[in-house]
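The listed protein sequences correspond, in order, to chains A and B. When the letters of the first sequence are read in order and numbered with full-length UniProt numbering, they come out as residues 1 to 380. When the letters of the second sequence are read in order and numbered with full-length UniProt numbering, they come out as residues 1 to 380. Ideal Cβ positions, reconstructed from N, Cα and C, are used throughout, including at glycine. What you are looking at is a predicted structure, and each value in this text was computed from that prediction instead of being measured.
Protein chains: 2
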Amino acid sequence: MTEFDNSLKIGILGGGQLGKMLIQSALDLDLEIHSLDGDGESPCSKIAHYFTQGSITDYQTVYNWGKDLDVITIEIENVSVEALHDLQKLGKKIFPQPEVIEIIKDKVIQKQFFKDNGIATADFVIVNNHTEISNHISFLPAVNKLGVGGYDGKGVQILRNEADIEKGFEGRGILEKLIDFEKELAVIIARSESGKISAFPVVEMVFHPEANLVEYLFSPASISPEIETKAIELAKMTAEKIGIVGLLAVELFLTKDGEVLVNEVAPRPHNSGHQTQKGNFTSQFDQHLRAILDLPFGNTQNIMPSAMVNLLGEAGYEGVVKYKGLERILSVENIFPFFYGKKITKPYRKMGHVTILDSDFDKLTEKVNFVKENLKVISK
Amino acid sequence: MTEFDNSLKIGILGGGQLGKMLIQSALDLDLEIHSLDGDGESPCSKIAHYFTQGSITDYQTVYNWGKDLDVITIEIENVSVEALHDLQKLGKKIFPQPEVIEIIKDKVIQKQFFKDNGIATADFVIVNNHTEISNHISFLPAVNKLGVGGYDGKGVQILRNEADIEKGFEGRGILEKLIDFEKELAVIIARSESGKISAFPVVEMVFHPEANLVEYLFSPASISPEIETKAIELAKMTAEKIGIVGLLAVELFLTKDGEVLVNEVAPRPHNSGHQTQKGNFTSQFDQHLRAILDLPFGNTQNIMPSAMVNLLGEAGYEGVVKYKGLERILSVENIFPFFYGKKITKPYRKMGHVTILDSDFDKLTEKVNFVKENLKVISK
Numbered sequence: 001m002t003e004f005d006n007s008l009k010i011g012i013l014g015g016g017q018l019g020k021m022l023i024q025s026a027l028d029l030d031l032e033i034h035s036l037d038g039d040g041e042s043p044c045s046k047i048a049h050y051f052t053q054g055s056i057t058d059y060q061t062v063y064n065w066g067k068d069l070d071v072i073t074i075e076i077e078n079v080s081v082e083a084l085h086d087l088q089k090l091g092k093k094i095f096p097q098p099e100v101i102e103i104i105k106d107k108v109i110q111k112q113f114f115k116d117n118g119i120a121t122a123d124f125v126i127v128n129n130h131t132e133i134s135n136h137i138s139f140l141p142a143v144n145k146l147g148v149g150g151y152d153g154k155g156v157q158i159l160r161n162e163a164d165i166e167k168g169f170e171g172r173g174i175l176e177k178l179i180d181f182e183k184e185l186a187v188i189i190a191r192s193e194s195g196k197i198s199a200f201p202v203v204e205m206v207f208h209p210e211a212n213l214v215e216y217l218f219s220p221a222s223i224s225p226e227i228e229t230k231a232i233e234l235a236k237m238t239a240e241k242i243g244i245v246g247l248l249a250v251e252l253f254l255t256k257d258g259e260v261l262v263n264e265v266a267p268r269p270h271n272s273g274h275q276t277q278k279g280n281f282t283s284q285f286d287q288h289l290r291a292i293l294d295l296p297f298g299n300t301q302n303i304m305p306s307a308m309v310n311l312l313g314e315a316g317y318e319g320v321v322k323y324k325g326l327e328r329i330l331s332v333e334n335i336f337p338f339f340y341g342k343k344i345t346k347p348y349r350k351m352g353h354v355t356i357l358d359s360d361f362d363k364l365t366e367k368v369n370f371v372k373e374n375l376k377v378i379s380k
Numbered sequence: 001m002t003e004f005d006n007s008l009k010i011g012i013l014g015g016g017q018l019g020k021m022l023i024q025s026a027l028d029l030d031l032e033i034h035s036l037d038g039d040g041e042s043p044c045s046k047i048a049h050y051f052t053q054g055s056i057t058d059y060q061t062v063y064n065w066g067k068d069l070d071v072i073t074i075e076i077e078n079v080s081v082e083a084l085h086d087l088q089k090l091g092k093k094i095f096p097q098p099e100v101i102e103i104i105k106d107k108v109i110q111k112q113f114f115k116d117n118g119i120a121t122a123d124f125v126i127v128n129n130h131t132e133i134s135n136h137i138s139f140l141p142a143v144n145k146l147g148v149g150g151y152d153g154k155g156v157q158i159l160r161n162e163a164d165i166e167k168g169f170e171g172r173g174i175l176e177k178l179i180d181f182e183k184e185l186a187v188i189i190a191r192s193e194s195g196k197i198s199a200f201p202v203v204e205m206v207f208h209p210e211a212n213l214v215e216y217l218f219s220p221a222s223i224s225p226e227i228e229t230k231a232i233e234l235a236k237m238t239a240e241k242i243g244i245v246g247l248l249a250v251e252l253f254l255t256k257d258g259e260v261l262v263n264e265v266a267p268r269p270h271n272s273g274h275q276t277q278k279g280n281f282t283s284q285f286d287q288h289l290r291a292i293l294d295l296p297f298g299n300t301q302n303i304m305p306s307a308m309v310n311l312l313g314e315a316g317y318e319g320v321v322k323y324k325g326l327e328r329i330l331s332v333e334n335i336f337p338f339f340y341g342k343k344i345t346k347p348y349r350k351m352g353h354v355t356i357l358d359s360d361f362d363k364l365t366e367k368v369n370f371v372k373e374n375l376k377v378i379s380k
């Protein structure tokens with residue numbers, strides 16, 4: 001472990017909500033944060049110590065921005081990895097490492113990595129277009145995922161039968177056996193340069209049927225201690241095989257036979273860890289900073305059982321954001337809203353989340369429904 | 001209760017650590033924060049949405065800054081109250097109200113207010129100079145406090161006997177009977193425009209012998225339920241008599257006879273509430289914003305017993321700040337540092353604090369000592 005140096009210049013590629021919440025954590029340690037994003041009104045734009053407007057996928061922009069920084073991290077995978085490789089050669093600490101981002105940002109490579117490294121995952125084939133999908137009819141029902149360019153439920157399509165094939169992508173990707181899962185789980189792992197590793201409790205996710213985004217989750221998941229151990233061990237093994245420094249969010253399927261499979265991973269803070277800000281002693285954002293600075297990890301235990309509800313832009317509203325119903329939800333104990341500060345709302349856009357605590361699981365569920373019914377993100 | 005309006009422009013007068021922590025809370029609600037401070041490198045300067053460098057005591061500067069804002073609050077009492085009065089006349093919401101700041105910022109008026117309103121407090125006389133102090137020798141041992149201009153232990157002097165009189169102030173202030181107290185307690189009250197009131201648990205403070213600042217505190221205080229009720233009722237009554245909207249930090253003496261007396265009050269977030277960020281479900285900063293926006297108050301309960309250690313600049317060091325020992329303190333469970341982001345450290349300057357949680361009081365005390373021994377704020 002090296003001595004903490006508060007004069008390090010830390011860069012975050014991407015200025016969205018994950019970057020914003022990283023900055024909020026970084027403020028407690030008096031860290032100097034530089035942020036780069038193409039959107040001059042992104043959530044980080046007004047709160048980073050130094051904000052630069054520019055393309056995070058453009059080599060020269062990223063290189064120029066990064067060359068005077070000391071440690072660089074990301075809040076989104078779709079960045080110029082080439083620039084990060086060259087910045088690494090200059091001696092910059094790039095966490096997650098460019099080679100890790102390369103494995104993860106392309107779902108074909110990611111999936112092949114799981115297979116090559118004995119990481120339990122659903123069967124798959126690589127496909128490039130409808131014709132190739134047609135060659136794997138026996139594989140249906142399946143999930144067709146684009147190799148690159150997907151995010152927040154985009155670039156993912158379920159193909160249930162032959163008639164669905166036309167909904168598949170004309171582009172390089174995978175066709176993955178549809179898992180008839182019992183639950184979708186997730187584990188956030190933190191790993192440091194010196195190899196220390198830490199896991200947050202397993203959470204259970206429920207997806208929004210239309211938006212294909214996490215609609216809400218519970219922490220901890222209602223699973224047996226055996227499944228919990230299996231999930232955490234699989235997630236840790238995945239992080240170690242990848243060799244990541246930083247957070248690795250590991251999304252898992254729990255099959256009806258009690259098998260645990262890796263669905264996909266993200267090399268950064270993740271939606272499945274947002275409830276840690278209020279629900280756990282250490283947040284995923286704090287933990288990510290500790291990982292990339294090689295500081296000792298914080299206590300990941302739950303303070304209390306928690307739920308997290310994503311706040312998506314209400315269908316039918318597009319324009320300057322307005323939050324409706326805040327007074328009502330704040331009148332109920334231990335409900336904590338987090339609004340991301342995006343100026344413009346659109347249908348299903350991630351605009352914030354709400355963390356809810358309750359020692360009683362039934363009450364937690366009631367509060368989730370109460371929040372979903374009462375808090376709306378609309379436009380003015 | 002009015003409907004929450006996230007387009008309100010909120011101003012904070014003063015750019016120090018209290019402003020910074022208010023901004024950190026405000027970010028969760030997507031509130032637009034404007035900050036004014038004379039120091040262009042103050043903790044708020046880089047993280048406020050809009051930072052203006054200018055004197056908070058200058059009428060015209062404060063008036064010009066405030067005239068386009070909607071809600072204005074303070075993080076320090078030493079501001080141009082005249083400007084706030086005139087901004088209030090323009091229809092701006094000023095919380096705490098200018099008339100409340102006037103009562104509190106002058107310790108003579110504050111003390112007289114307690115007396116006039118039947119708020120239990122130590123006996124006192126008003127004095128303007130050494131000669132007047134000499135006329136009250138029978139009052140010694142006593143505390144001589146300047147009416148205005150004191151902060152962080154400055155402007156306060158204990159006069160134990162006649163020989164000490166020369167240490168007294170040549171200036172308008174009070175001479176207050178020295179209370180032979182059992183403990184020093186504090187209660188943070190939040191009060192909203194509609195009169196809702198809420199109290200945080202009573203905390204117990206230990207002062208630094210040389211710096212006359214809170215060195216550390218425990219929450220909750222080790223006191224009987226009767227004393228706890230007495231302290232909270234007295235603090236609530238004080239807030240109601242003053243009619244404050246926002247937070248009122250009420251510092252109290254518990255005498256050896258079990259009497260509770262108001263020592264002094266502050267109309268804003270306060271050092272005695274810093275541990276609420278990690279130790280309580282709602283922080284004092286969240287609660288202050290809820291008070292000034294007339295939102296329902298959050299749950300003030302302790303998550304776990306907590307302690308807070310102030311990080312003062314180490315004696316013998318002056319210059320660009322450096323934090324020594326962070327790795328060591330983070331290696332112990334549930335120790336959370338908050339560095340304020342002040343560029344320059346000076347002996348005894350408040351540079352940060354550390355919040356510590358432990359369900360066991362003895363371990364909490366051990367951790368307090370561990371932090372005090374291992375974490376130092378020095379210069380490069």
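How is the alpha helix (DSSP H) around residue i delimited, first residue to last?
{"i": "B/Y63", "result": "Y59 to G66"}
{"i": "A/H130", "result": "H130 to S134"}
{"i": "A/E373", "result": "F361 to N374"}
{"i": "B/I356", "result": "Where B/I356 is concerned, there is no enclosing alpha helix (DSSP H), although the beta strand (DSSP E) it sits in stretches over K350 to L357."}
{"i": "A/L22", "result": "Q17 to D28"}
{"i": "B/F95", "result": "Premise fails: B/F95 is in no alpha helix (DSSP H) and is neither H nor E."}
{"i": "A/I109", "result": "K107 to D116"}
How close, in whole Å, do the beta carbons of residue i and residue j come, if the pair is a contact with beta carbons under 8 Å?
{"i": "A/Q110", "j": "A/I119", "result": "Not confirmed; about 10 Å, so no contact."}
{"i": "B/A190", "j": "B/F297", "result": "6 Å"}
{"i": "A/L252", "j": "A/A231", "result": "6 Å"}
{"i": "A/S224", "j": "A/P305", "result": "Not confirmed; about 16 Å, so no contact."}
{"i": "B/K93", "j": "B/D70", "result": "7 Å"}
{"i": "B/I188", "j": "B/G273", "result": "4 Å"}
{"i": "A/Q88", "j": "A/P98", "result": "6 Å"}
{"i": "residue 381 of chain A", "j": "A/V245", "result": "The structure shown does not extend to residue 381 of chain A, since chain A is modelled only from 1 to 380, so the question has no answer here."}
Listing by chain order, which chain A residues have their CB less than 8 Å from the CB of residue i?
{"i": "B/N6", "result": "V321, K322, Y323 and F339"}
Indicate the three-state DSSP secondary structure (helix, strand or coil) for residue i in the structure shown.
{"i": "B/T73", "result": "strand"}
{"i": "A/E184", "result": "strand"}
{"i": "A/L87", "result": "helix"}
{"i": "A/G173", "result": "strand"}
{"i": "A/Q157", "result": "strand"}
{"i": "B/E102", "result": "helix"}
{"i": "A/S35", "result": "strand"}
{"i": "A/I137", "result": "helix"}
{"i": "B/E41", "result": "coil"}
{"i": "residue 382 of chain A", "result": "Any property of residue 382 of chain A remains undetermined from this structure, which presents chain A solely from 1 to 380."}
{"i": "A/S272", "result": "helix"}
{"i": "A/I126", "result": "strand"}
{"i": "A/V81", "result": "helix"}
{"i": "A/I378", "result": "strand"}
Would you mind telling me which residues of chain A sit closer than 9 Å to residue i, beta carbon to beta carbon, in chain order?
{"i": "B/Q24", "result": "Q24, L27 and D28"}
{"i": "B/F218", "result": "Ordered by position in chain A, no residue passes the 9 Å Cβ test against B/F218, which lies about 19 Å from the chain."}
Considering residue i, what are the terminal residues of the beta strand (DSSP E) in which it resides?
{"i": "B/Q53", "result": "Y50 to Q53"}
{"i": "A/G11", "result": "K9 to L13"}
{"i": "A/T255", "result": "G246 to T255"}
{"i": "B/V148", "result": "Per DSSP, B/V148 belongs to no beta strand (DSSP E) and is neither H nor E."}
{"i": "B/A266", "result": "V260 to A266"}
Using a cut-off of 7 Å between C-beta atoms, extract the partners of residue i located in chain A.
{"i": "residue 381 of chain B", "result": "Within the shown structure, residues of chain B are numbered from 1 to 380, placing residue 381 of chain B beyond reach of any answer."}
{"i": "B/I303", "result": "I303"}
{"i": "B/F95", "result": "The contacting residues do not exist; B/F95 stays about 17 Å from chain A at best."}
{"i": "B/N299", "result": "E333 and N334"}
Whose Cβ in chain B lies nearer than 8 Å to the Cβ of residue i?
{"i": "A/S331", "result": "P296"}
{"i": "A/F361", "result": "Near A/F361 there are no residues of chain B at all, since even the closest Cβ is about 18 Å away, more than 8 Å."}
Within the segment 285-348 of chain B, ranges of the beta strand (DSSP E) (whole runs, at least 3 residues): 306-312, 319-324 and 335-339
Complete alpha helix (DSSP H) runs within the segment 187-241 of chain B (minimum length 4 residues, chain order): none
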